[in-house]
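Numbering (the numbering used here), first residue to last: 812 to 895.
See structure below.
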Amino acid sequence: MHAVFEREVLLERRQYTPQQSNLWDKLSLAQKFATNSLAQFGYDLAFIRHSKSGNIAILLCDDNTATITDDGEISTLASIVIRA
């Protein structure tokens with residue numbers, strides 16, 4: 812039983828870094844569903860921008876950027892400048 816638990820922890824650790832896990836906890840439920848949808852296409856949660864209108868999740872896939880609003884609306888046409 813203990814070995815199974817350790818294996819699950821290792822698998823979980825390979826998929827999410829501690830930073831991603833912290834970001835995941837800050838997403839709304841709608842954003843989590845939308846993030847899972849985009850993850851199927853290779854997008855990764857990069858960071859969250861805080862604004863007066865709510866938190867916006869920023870996801871990256873190669874040179875592509877996607878945003879997700881608090882209510883789960885996805886935009887792959889967002890004009891966001893990513894600093895290197």
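For each residue, glycine too, the CB sits at the ideal point set by N, CA and C.
Since the model is a prediction, treat every value here as computed from it, not as a measurement.
Alpha-carbon to alpha-carbon, residue j and residue i
i           : j           : result
residue 877 : residue 840 : 17 Å
residue 860 : residue 889 : 13 Å
residue 825 : residue 865 : In this prediction, residue 825 has a pLDDT of 43, which is less than 50 and means its spatial position is unreliable; what the coordinates show is noted afterwards. Looking at the two C-alpha atoms, the distance is approximately 30 Å.
residue 835 : residue 850 : 13 Å
residue 837 : residue 894 : 22 Å
residue 879 : residue 847 : 11 Å
Residue of the options minimising C-alpha distance to residue i
i           : options               : result
residue 891 : 871, 883 and 882      : 871
residue 886 : 835, 854 and 862      : 854
residue 875 : 838, 835, 857 and 837 : 857
residue 833 : 849, 868, 864 and 848 : 868
residue 862 : 881, 845 and 848      : 881
residue 873 : 884, 852, 879 and 883 : 852
residue 884 : 842, 837 and 838      : 842
Discussion item. My parser needs the beta strand (DSSP E) runs of 3 or more residues fully inside the segment 836 to 876; what are they?
Written reply: 855 to 862 and 865 to 872
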